[in-house]
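Chains as they are written, first to last, in the numbering used here: chain A, 1 to 248; chain B, 249 to 496; chain C, 497 to 744; chain D, 745 to 992; chain E, 993 to 1240; chain F, 1241 to 1488.
Note that the Cβ used here is the ideal one computed from N, Cα and C, for glycine as well.
Have a look at the structure below before the remarks.
6 protein chains.
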Amino acid sequence: MRLQLMTWMEVEAHLNGNRGIIIPIGSTEQHGPNGLFGTDAICPEVIADRAAETLGCIVGPTISIGMAQHHLAFPGSIALRPSTLMAVVRDSVLSLARNGFERFYFLNGHGGNIATVSAAFSEIYAEKSLAVGPNQPHVRCKLANWFAFPAVKEISKELYGDRDGSHATASEISVTQYAYPEHIKKVDMDPAPPRPRPFYDAEDYRLIHPDGRIGADSFLATPEAGARLVEASAAGVVEDYRSFMAEA
Amino acid sequence: MRLQLMTWMEVEAHLNGNRGIIIPIGSTEQHGPNGLFGTDAICPEVIADRAAETLGCIVGPTISIGMAQHHLAFPGSIALRPSTLMAVVRDSVLSLARNGFERFYFLNGHGGNIATVSAAFSEIYAEKSLAVGPNQPHVRCKLANWFAFPAVKEISKELYGDRDGSHATASEISVTQYAYPEHIKKVDMDPAPPRPRPFYDAEDYRLIHPDGRIGADSFLATPEAGARLVEASAAGVVEDYRSFMAEA
Amino acid sequence: MRLQLMTWMEVEAHLNGNRGIIIPIGSTEQHGPNGLFGTDAICPEVIADRAAETLGCIVGPTISIGMAQHHLAFPGSIALRPSTLMAVVRDSVLSLARNGFERFYFLNGHGGNIATVSAAFSEIYAEKSLAVGPNQPHVRCKLANWFAFPAVKEISKELYGDRDGSHATASEISVTQYAYPEHIKKVDMDPAPPRPRPFYDAEDYRLIHPDGRIGADSFLATPEAGARLVEASAAGVVEDYRSFMAEA
Amino acid sequence: MRLQLMTWMEVEAHLNGNRGIIIPIGSTEQHGPNGLFGTDAICPEVIADRAAETLGCIVGPTISIGMAQHHLAFPGSIALRPSTLMAVVRDSVLSLARNGFERFYFLNGHGGNIATVSAAFSEIYAEKSLAVGPNQPHVRCKLANWFAFPAVKEISKELYGDRDGSHATASEISVTQYAYPEHIKKVDMDPAPPRPRPFYDAEDYRLIHPDGRIGADSFLATPEAGARLVEASAAGVVEDYRSFMAEA
Amino acid sequence: MRLQLMTWMEVEAHLNGNRGIIIPIGSTEQHGPNGLFGTDAICPEVIADRAAETLGCIVGPTISIGMAQHHLAFPGSIALRPSTLMAVVRDSVLSLARNGFERFYFLNGHGGNIATVSAAFSEIYAEKSLAVGPNQPHVRCKLANWFAFPAVKEISKELYGDRDGSHATASEISVTQYAYPEHIKKVDMDPAPPRPRPFYDAEDYRLIHPDGRIGADSFLATPEAGARLVEASAAGVVEDYRSFMAEA
Amino acid sequence: MRLQLMTWMEVEAHLNGNRGIIIPIGSTEQHGPNGLFGTDAICPEVIADRAAETLGCIVGPTISIGMAQHHLAFPGSIALRPSTLMAVVRDSVLSLARNGFERFYFLNGHGGNIATVSAAFSEIYAEKSLAVGPNQPHVRCKLANWFAFPAVKEISKELYGDRDGSHATASEISVTQYAYPEHIKKVDMDPAPPRPRPFYDAEDYRLIHPDGRIGADSFLATPEAGARLVEASAAGVVEDYRSFMAEA
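Right, dumping it as structure tokens:
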């Protein structure tokens, strides 16, 4: 169930014994010649919905803008500074915690978010750990990457091997093609060279990866592959979320 | 066109001569017994999409969490502090401005956002006005409320009169019923009393408005009314956006 | 009674049963060829003093610098960024609330402050609404504009009609001439053109409104008009403040 | 000339060759049984006005709320956190610097402000020192305490000796009695014990100094003493300001 | 060479052609019954010194307090909130970058710092990526963990296998025993149970790991093991740093 | 005892009846042709260690980077903005206070830190003074400068008179020569001119003081003088710390 499509009375009823929530988090950033800006948000959103069907849990609103400073040399990319994204995560968690949510499972679609969201969790805990008093909810946050479950990695490897790349991957574009088949982009592009060297800021990135891809033959994406990946990742989420909820 | 469903090359091409973007902004907050949490985000999103069909312009990712502190006593509500929301607006605008976007039309669905988003615009301008140097993009931001166009107000008045209320209005719930017909909630409720007295924080609000509505007979909502409202508001956006783009 | 001219023992005595305070808030910004920088602070200060004579209430120290980024291209103008002004309002309110003040009536003289001060109120409430614990004072804040009471608008309209304008208005300059008759400035100026188009940052503003006025024939100001306006606005404050104090 | 009572054209004319400004800064805090809340703001304001008559310079709006956390256990006291006051000083200085002011002479009336205002100056310089680029105005800030000029200290010593104390001093109350003779408070009080031991936060302070004075026989204040002190301090400001302006 | 023991003229001379610096970063947190609070700072400091002998490079001052919120239930532990640590990293990097340092190699001793320091790097890059202008130094930051070089892991495994644990490891305590042989603590303790379950905030941690260790038989530490680990890790740093400096 | 070299069980035992801690705080900044970057951190660290031998108290980790914006034109200098340093002090104090430390004695080696660290203390107290609730530890912070004890000043005067100067003083360089005899720098330099005029930001400073010294004949430093100064300052700390601990 998407929180956005529920009423507060439904949420209140659900909270009896269900203290968890899944929050998809992504980014709005270029994904090469045939990848959508919303790729990193669409993937965890679709997978969270699928997992929630099995879990019967609530899926919060997708945080669709993330920490994407390195993509800012491509028009259309949007980045929150880490300090801004941390405030968003903090306020969202504390808002829900105020009324009884206790375990927050962030399903992430963007590697660039990992450090910042983890730091945001620590900022939340630090507020509690520095204070001695009562009155603070006991919050637990977990970040999982939809693309990192073993079964997902296996499919990516089976289908694309090294040609999957590390940004604008054939895998993630496949998921968006499955989710939005009417928005499959037909674009000519050459095979991507392997990732040549590290980058740091936005100008670095565009200089090194002029069409936006990092070592990815994004044109190999298919909606069929997307369907398999969604299924595999959702299964991973189901198991991982249950284990998170079962923690003592 | 939703930015989320475009590629960066499409955006780059579009930017030739088109420096504007519509950004829907809403909230995730209780909307009474039959209103969806996502109401304030869904309405401007649907209307922006409709307007963009006519305008041929880009619609950015919806900012779906807003300044909703007064709803926090209802489980499921999420609020960003004003300072957090201001940082989100600032980073989003400056990200897009970096590559050539110049005019930002925020289509808003939540009265509680108005002051904060306006303050965010001033924060952006103040950074520029306090500095003397060059290098700062010339950014213009505008906030419009989907429910405030005269033609929209007329329909609301015609259909509901005083019974539309001021939160969880029959009008806004109608729009969500039109957008998500499979999520129309059938809930019994009494006619809402008129807004009795001012509220300030979340505990105030729930005490005064125990089921979340403010003076709204939300059960009068229909998807048909929603269709009319979307059409009227989108027409208002088209005209207003064009006038914003035409400013010298 | 101005707080600045009281002792703490007088305040302590006053607090028995009187939990309210009026805080004038203005700006230090250019007001055209014959308007004073302090106009927006002087007006609410004078009117608050007059109203307090009737109300017997306390008037806090005037916040004389506001959110005036758009005036920064005129030398002498001072602006607090919205985030700074929000911190000032927050600390001031919480300082007074700590010892028993509960209702804060901000009498405002500057349109540019409205969004930011409203956002500041939300920031204060949000701190409380996000926390669940006790220990937080129950604070209520209200913003009223001295120039917006119906009786004030009527006088402005009667005296100046459309020639009152929207910045450096004949009305506000009249109030300062009444308050500081020895500082009436005699300056030649032409009738102001009506407000031609929207402005955003400081450079915009000065380009469009080169002498600082917006559609205002400021030379029409007289101290006699000022006296009438002060009287009318103070009467509006008295009624509005009493109603604020009487809220359940 | 008070900036508040000038027009922007007068300021623009004055700026030719005069790049300095005096900014009075004080506090709104208890000053014992017969001292005014505004004491620390009134003193530097009155003295700045007097000095400006001789200097022909501009006096900016008084910053009347300061860093007074230790007085917060007395009702009516208001404190800005150091971080808030630093933002106020920074924005005020940069606003004026944008249009040509270069030297900022803060005339201070409150010992509790000294560290914070000095830190604010460093924050301003640090922004510039950390950046390498051009475009930053060359700003110089100086803090002077009205009560610390040798001639002032001599008068205080001559009139009151050790009985002047260190808070709610007979000297500062004398200045306010000179400035506001109609607000001289007649209150019985015993001689104050000498300052017994250090204090840290607000509860400390009130416990140790239950009527708010620190070692001060405030009842010795007279308007005549105030007149002498104002004259002496203004002379100190004149000399010190001239020397500040004359720096290479 | 430790920066702390150099003069500015030596640094200026060194900067010709050497744009890199190693900055050790650790934490001040409990390390179980026989581990030192400074463990996480001492290890990278000692190893950086050793590597710098070979590299001939500069070692900056150790950042000895880190993000250790989860250790705060043990007296003596100190934590910076992530937002604070990010500001420290940012100001340090920009200070050095202002005069020509370009590549910053942070040698880290504390797993809890990784996310926050990575987010700090992104905050630095984001400031540059969001701006379009020139004048920003081209900074590259890299984080390396002293304990993660393959040769180090091999020694830990060879010596301790699974008994090394994940906090207060025999390996890290060995390094401190090598560095400070006069501070080897003789304390009785049982073998540590394996890490039983996840922890989040400080109270969690102490409840689950009452003596502070996580699965570590810290009593196995020896200074001889420390000597080997320092040697191996320093060799890893030498190679990794050279490769970082050699990046195009 | 240095906290860095203790275990948490030792700290816990020590806390019974000993609620104080000494925290050395310095800077990493140029100190002229023969002075070390670490001078301001090394001095209080060495002196705190010596004093702690007598006092039997704990010495926390040295804060080795301070507020040194004015030195940033010399390569190798590092500065925290005042706001950053304030956050570091605040988090450090609250971390230790959480588990029972109550009195924090900062032994300072850098004049440029005084205002900022004092403001940091006020920020800590203000958080408590603004809140009314319980749960806040009763913290007392004190800043002492190692070079300001009368016995220290006498030695400096006896040895160097006016030639000690005010930055890169012969005295402070003597202390570092005593602490690090293997790092005594032999550099030719002329006698320093007396401090010619005030400076504000980094460019000012380097222009006025091109080799970094302010009126100091730093070449007069000797390790023997350092030994005397350390002894005298440590004795001052012992007495001052005891008096701080003895406060009611």
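For Tyr105 (chain A), the pairing in a beta bridge is given by DSSP as A:Ile22, A:Lys142. Arg738 (chain C) and Leu1370 (chain F) have their C-alpha atoms some 28 Å from each other. Ser670 (chain C) sits away from Ala731 (chain C), with the two beta carbons spaced by 7 Å or more.
For Ser1335 (chain F), the neighbours in chain A by C-beta distance under 8 Å run, in chain order, Leu130. Annotation for Val726 (chain C): the continuous alpha helix (DSSP H) segment containing it runs 719 to 742. Here Asn609 (chain C) is near Met563 (chain C), since their CB atoms are less than 7 Å apart.
Annotation: the continuous alpha helix (DSSP H) that includes Ser366 (chain B) extends over 362 to 378.
For Ala1112 (chain E), the closest of E:Met993, E:Asn1010, E:Arg1090, E:Leu1135 by C-alpha to C-alpha distance is E:Leu1135. By the beta-carbon neighbour count (other beta carbons within 10 angstroms, threshold 16), Glu371 (chain B) is buried. Distances from the CA of Ser233 (chain A) to each of A:Arg163, A:Glu172, A:Ala151 were compared; the closest alpha carbon is that of A:Ala151. By the criterion of at least three beta-carbon pairs nearer than 8 Å, the stretch 816 to 824 of chain D is in contact with the stretch 588 to 596 of chain C. When the beta-carbon positions are compared, Ala971 (chain D) and Tyr924 (chain D) stay at least 7 Å from each other.
The distance from the Cβ of Ala688 (chain C) to that of Ala712 (chain C) is about 5 Å, consistent with a contact at the 8 Å cut-off.
Between Leu1243 (chain F) and Gly1300 (chain F), the CB-CB gap stays under 7 Å. By the Cβ rule, the stretch 9 to 23 of chain A does not count as touching the stretch 441 to 454 of chain B, because fewer than three pairs are nearer than 8 Å.
Around the Cβ of His566 (chain C), a 10 Å sphere holds 16 or more other Cβ atoms; the residue is buried.
Tyr1117 (chain E) and Asp201 (chain A) do touch by the CB rule: their CB atoms are close to 4 Å apart, below 8 Å. For Asn778 (chain D), the closest alpha carbon among the candidates D:Phe988, D:Val883, D:His927 is that of D:His927. Here DSSP, grouped into helix, strand and coil, assigns Arg1189 (chain E) to coil.
Where Gln69 (chain A) is concerned, there is no enclosing alpha helix (DSSP H), because DSSP gives it neither an H nor an E.
Rounded to the nearest angstrom, the gap between the Cα atoms of Pro1284 (chain F) and Trp1386 (chain F) is 6 Å. With a threshold of 7 Å between beta carbons, Gln774 (chain D) makes contact with chain C.
Contact between Gly413 (chain B) and Trp8 (chain A) does not hold, since the beta-carbon distance rounds to 16 Å and is not under 8 Å.
Per the DSSP secondary-structure output, His1407 (chain F) pairs in a beta bridge with F:Ile1454. Between Met745 (chain D) and the set D:Ile769, D:Val790, D:Gln774, the nearest pair of CA atoms involves D:Val790. Gly779 (chain D) has D:His775 as its beta-bridge partners, per DSSP. Beyond the five residues adjoining it in sequence on each side, Ala1065 (chain E) comes within less than 8 Å, by CB distance, of Ala1194, Glu1195, Tyr1197, Arg1198 in the same chain, given in chain order. Going by C-alpha positions, Pro223 (chain A) is about 22 Å away from Val238 (chain A). Using a Cβ-Cβ cut-off of 7 Å, Ala416 (chain B) does not count as an interface residue toward chain A, since no Cβ of chain A sits closer than that to its own.
When Cβ-Cβ separations below 7 Å define contact, Met811 (chain D) makes contact with chain F. DSSP, reduced to helix, strand and coil, places Val1427 (chain F) outside both helices and strands of the structure shown, so it counts as coil. Neighbours of Asp449 (chain B) in chain C, taken as residues whose beta carbon is under 7 Å from its own, are Tyr621, Lys624, Ser625 in chain order. Of the other Cβ atoms in all chains shown, 16 or more fall within 10 Å of the Cβ of Lys872 (chain D); this residue is therefore buried.
What Ile1395 (chain F) touches in chain E, judged by beta-carbon distance under 8 Å, is nothing: the nearest beta carbon there is about 24 Å away. Beta-carbon to beta-carbon, Ala664 (chain C) and Gly708 (chain C) are separated by about 6 Å, close enough to satisfy the 8 Å threshold. The C-alpha of Asp1232 (chain E) is placed about 19 Å away from the C-alpha of Ile1147 (chain E).
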